[in-house]
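Peer 1: Residue numbers (the working numbering): -6 to 506.
Think of the CB as a built atom: it goes at the ideal place given N, C-alpha and C, for glycine as much as any other residue.
Remember, predicted model here, so these are calculated numbers, not experimental data.
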Ligand SMILES: [Zn+2]
């Protein structure tokens, strides 16, 4: 067995040199920000640099964000989580340059990102919103950055206990999702704690909901659903099921601010544990664990069912927190990897029936996409990801309808159900926000939600279900003329400085010597 080594502290001057080279003006079209942690005796801080300047960020004991400009202009000086609202402001200036962009909570989010001793990289490089990098897995629509639009997920509550206020100004955070679900299920704050009994990073939105008013709580995560476009389409009659939830509920126009990086598995985990990546340990979709000497591919159909292996020991999922408060309560987690503690879960099925390739081994049992009654535009099936998502989401709908099929077993229905749907991610990657394919993906998801609402209507139970609809991140459109890579610069700089490195993520730079 390999002896576990403490994380080698990289030479601060090496990090600074690397950051300066990566922030050079010739890379400015593709590099929005470079950030690295700085530790000294009295506090942890983060330096953020780009071609325009550098700033050092930290939090006071009271949690107040501090910005000390080191040179030039503060690259994350605008932090307004309500930036680019109303929506026409975003549409008028999509994928903005750094000077006009906004970065909510940069200190808190970056400090959490750099807080895992074994898994946080030494330095992170963040793409500009316009950067198009198909050679490294990029798409026409992208997310992952620190900026406000890629970090803005919807946050909509609806049903018993929620005021029918419609869309209102305000914002939440993705880490608020788990405590808010507990509050909706009537669980008091004394149970909103991690496995070590420490308070969560997020807080229950008690200002928006009466505790425990609905008999059943359903959390819906529409992967990558663009907050403002979702609310816009609902308001213009294009998403009738979301509009119905909105008519009986409250949506925050600033949505939920995702944790950094604004990528899928980091934020599914943040939503379902109520803590940021520095505590839950799922740093991204792909990251490196120095202690295990292992590259972890967390967001992959062959590994989703193993997610519990990556959660840090102190983490509690929303299902575990609910069970602590109400031992024996029934909970369900549909099509989400972060299922630990759920009574009923898709990934458990994968663990028991799939082979070593996990969900991939069960692909053959998914319903055929061509026959999906919820698919609006069959031509999107030429996109293989859209096709597969259509199958998975149809299977998700079947699973949730089965959970609530038999009213004579109502006493055994889940108190809390979480259903993750993914076609919205395929649509937004395929064309970027507001594209035909992105909007069609929202319409498809809306038809599935409509089928679920119709089912509760038939049972006469709609007014007993409280919904929370959110996502894991937002999206911005890349510009196909803005190409290039920081890799040659990084490579040359590391060679000159005599350090070896790994670039995971991409953009997570781990110095290996
Ligand atoms: Zn996602």
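Can you look up residue 38 in the DSSP assignment and give me helix, strand or coil?
Peer 2: Counted from its first residue, the chain shown places residue 38 at position 45. Strand, per DSSP.
Peer 1: Would you mind listing the beta strand (DSSP E) stretches within the region 212 to 252 that are 3+ residues and don't spill past its ends, in chain order?
Peer 2: The region 212 to 252 contains these whole beta strand (DSSP E) runs: 242 to 245.
Peer 1: Hey, would you say residue 13 sits closer than 9 Å to residue 42, going by beta carbons?
Peer 2: Mapped onto the chain shown, residue 13 falls at position 20. Mapped onto the chain shown, residue 42 falls at position 49. Yes. Within cutoff.
Peer 1: Is the region 462 to 479 in contact with the region 68 to 79, if contact means three or more CB pairs nearer than 8 Å?
Peer 2: At 8 Å Cβ cutoff, the stretches do not touch.
Peer 1: Residues bridged to residue 61 by DSSP?
Peer 2: Here the question's residue 61 lines up with position 68 in the chain shown. Answer is 49, bridged to residue 61.
Peer 1: Tell me whether residue 350, by its Cβ, gets closer than 8 Å to a heavy atom of ligand 1.
Peer 2: By 1-based counting over the chain shown, the position of residue 350 is 357. Checking every heavy atom of ligand 1 against the Cβ of residue 350, none is found closer than 8 Å.
Peer 1: If contact is defined by three or more beta carbon pairs under 8 Å, each pair taking one atom from either stretch, is the region 133 to 141 in contact with the region 97 to 111?
Peer 2: Result yes; three or more Cβ-Cβ pairs closer than 8 Å.
Peer 1: Take residue 213 and list the residues in its own chain whose beta-carbon comes closer than 6 Å to its own, dropping the five residues that flank it on each side.
Peer 2: For the purposes of this step, residue 213 is taken as residue 220 along the chain shown, with counting starting at 1. 412 and 462.
Peer 1: In angstroms, rounded to a whole number, what distance separates the CA positions of residue 431 and residue 215?
Peer 2: Position 438 of the chain shown, counted from the first residue, corresponds to residue 431. Position 222 of the chain shown, counted from the first residue, corresponds to residue 215. For residue 431 and residue 215, the distance between alpha carbons rounds to 12 Å.
Peer 1: Is residue 468 helix, strand or coil by DSSP?
Peer 2: As a working note, residue 468 is residue 475 in the chain shown. Of the three classes helix, strand and coil, the one that applies to residue 468 here is coil, per DSSP.
Peer 1: Could you check what DSSP says for residue 91 in three-state terms: helix, strand or coil?
Peer 2: Here the question's residue 91 lines up with position 98 in the chain shown. Three-state DSSP puts residue 91 in a helix.
Peer 1: How many Å lie between residue 343 and residue 72 at the Cα?
Peer 2: Counted from its first residue, the chain shown places residue 343 at position 350. Counted from its first residue, the chain shown places residue 72 at position 79. Each residue's Cα considered, the two are about 41 Å apart.
Peer 1: Is it buried or exposed for residue 244, if we count other Cβ within 10 angstroms and need 16 for buried?
Peer 2: Working through the chain shown from its first residue, we reach residue 244 at position 251. So residue 244 ends up on the buried side.
Peer 1: Identify every residue that forms a DSSP beta bridge with residue 496.
Peer 2: Translated into positions along the chain shown, residue 496 becomes position 503. DSSP, once it has assigned bridges, lists 502 as partnering residue 496.
Peer 1: Measuring alpha carbon to alpha carbon, tell me which residue in 475, 488, 499 and 169 is nearest residue 88.
Peer 2: Position 95 of the chain shown, counted from the start, is the residue given in the question as residue 88. Cα-wise, what sits closest to residue 88 is 475.
Peer 1: Taking the alpha carbon of residue 373 as the point to measure from, which residue in 407, 428, 331 and 325 has its own alpha carbon closest?
Peer 2: The residue labelled residue 373 in the question sits at position 380 within the chain shown. Of 407, 428, 331 and 325, the residue nearest in Cα terms is 428.
Peer 1: Just to confirm, is the Cβ distance from residue 314 to residue 186 under 9 Å?
Peer 2: As a first step, residue 314 is located in the chain shown; it is residue number 321 there, counting from the start. As a first step, residue 186 is located in the chain shown; it is residue number 193 there, counting from the start. Their beta carbons are under 9 Å apart, which means residue 314 touches residue 186 by this criterion.
Peer 1: For residue 148, which residues does DSSP report across the bridge?
Peer 2: Stepping through the chain shown from its first residue, residue 148 is reached at position 155. Residue 148 is bridged to 463.
Peer 1: Could you have a look at residue 161 and say whether DSSP puts it in helix, strand or coil?
Peer 2: As a working note, residue 161 is residue 168 in the chain shown. Residue 161 falls in the strand class under three-state DSSP.
Peer 1: In terms of residue numbering, what span does the alpha helix (DSSP H) encompassing residue 282 cover?
Peer 2: The count along the chain shown starts at 1 and reaches residue 282 at position 289. Run containing residue 282: none in the alpha helix (DSSP H); it sits in the beta strand (DSSP E), 279 to 282.
Peer 1: Count the other CB atoms, across all protein chains shown, that sit within 10 Å of the CB of residue 221; report buried if there are 16 or more and exposed otherwise.
Peer 2: By one-based count along the chain shown, residue 221 stands at place 228. Buried: at least 16 other Cβ atoms inside 10 Å.
Peer 1: Please classify residue 19: is it buried, with 16 or more other beta-carbons within 10 angstroms of its beta-carbon, or exposed?
Peer 2: To locate residue 19, count along the chain shown from 1; it is residue 26. Classification of residue 19: exposed, given that the 10 Å Cβ count is below 16.
Peer 1: Helix, strand or coil, according to DSSP, for residue 410 in the structure here?
Peer 2: For the purposes of this step, residue 410 is identified with residue 417 of the chain shown, where counting begins at 1. Of the three classes helix, strand and coil, the one that applies to residue 410 here is strand, per DSSP.
Peer 1: Among 175, 149 and 157, whose alpha-carbon lies nearest the alpha-carbon of residue 510?
Peer 2: Lying outside -6 to 506, the shown extent of the chain, residue 510 is not represented and no answer is given.
Peer 1: Is residue -6 helix, strand or coil when you go by DSSP?
Peer 2: As a working note, residue -6 is residue 1 in the chain shown. Since pLDDT at residue -6 reaches only 33, below the 50 mark, its modelled position is unreliable, and the value read off the structure follows with that caveat. The answer is coil: DSSP assigns residue -6 none of H, G, I, E or B.
Peer 1: Looking at residue 339: is its Cβ nearer than 9 Å to the Cβ of residue 409?
Peer 2: For the purposes of this step, residue 339 is taken as the residue at position 346 of the chain shown. For the purposes of this step, residue 409 is taken as the residue at position 416 of the chain shown. Their beta carbons are not under 9 Å apart, which means residue 339 does not touch residue 409 by this criterion.
Peer 1: Can you give me the C-alpha to C-alpha distance between residue 250 and residue 146, rounded to a whole angstrom?
Peer 2: As a working note, residue 250 is residue 257 in the chain shown. As a working note, residue 146 is residue 153 in the chain shown. Residue 250 and residue 146: Cα-Cα distance of roughly 6 Å.
Peer 1: Taking only the alpha-carbon atoms, compute the straight-line gap between residue 181 and residue 175 and give it to the nearest angstrom.
Peer 2: Taking the chain shown and counting its residues from 1, one reaches residue 181 at position 188. Taking the chain shown and counting its residues from 1, one reaches residue 175 at position 182. Taking the straight line from one Cα to the other gives about 8 Å.
Peer 1: What does DSSP give as the partner residues of residue 32 in its beta bridges?
Peer 2: Walking along the chain shown from the start, residue 32 turns up at place 39. The partner list for residue 32 (beta bridge, DSSP) reads 37.
Peer 1: Grab me the residues of residue 334's own chain with a C-beta within less than 7 Å of its C-beta, minus the 5 sequence neighbours each way, in chain order.
Peer 2: Start at 1 with the first residue of the chain shown, and residue 334 comes out as number 341. If we look at residue 334 and ignore the five residues flanking it on each side, its Cβ neighbours are 310, 312, 313 and 316.
Peer 1: For a test of the three-state rule: what should DSSP assign to residue 209, helix, strand or coil?
Peer 2: Locating residue 209 in the chain shown gives position 216, where the first residue counts as 1. Note: residue 209 maps to strand in three-state DSSP.
Peer 1: Can you give me the Cβ contacts of residue 496 inside the same chain, cut-off strictly under 6 Å, excluding the 5 residues immediately before and after it?
Peer 2: Taking the first residue of the chain shown as position 1, residue 496 is located at position 503. Around residue 496: 502.
Peer 1: Who sits around ligand 1, taking every residue whose Cβ is closer than 5 Å to one of its heavy atoms?
Peer 2: My final list is 216, 217, 257, 418 and 465.
Peer 1: Less than 9 Å between the C-beta atoms of residue 169 and residue 196, yes or no?
Peer 2: As a position in the chain shown, residue 169 is number 176, starting the count at 1. As a position in the chain shown, residue 196 is number 203, starting the count at 1. For residue 169 and residue 196, yes; Cβs fall inside 9 Å.
Peer 1: If residue 352 and residue 294 are in contact, beta carbons under 8 Å, what's the gap, nearest whole angstrom?
Peer 2: Here residue 352 refers to the residue found at position 359 when the chain shown is read from its first residue. Here residue 294 refers to the residue found at position 301 when the chain shown is read from its first residue. Yes, they are in contact, since the Cβ atoms of residue 352 and residue 294 sit about 4 Å apart, within 8 Å.
Peer 1: Check residue 166 in the structure and name its three-state DSSP category.
Peer 2: As a first step, residue 166 is located in the chain shown; it is residue number 173 there, counting from the start. Three-state DSSP puts residue 166 in a strand.
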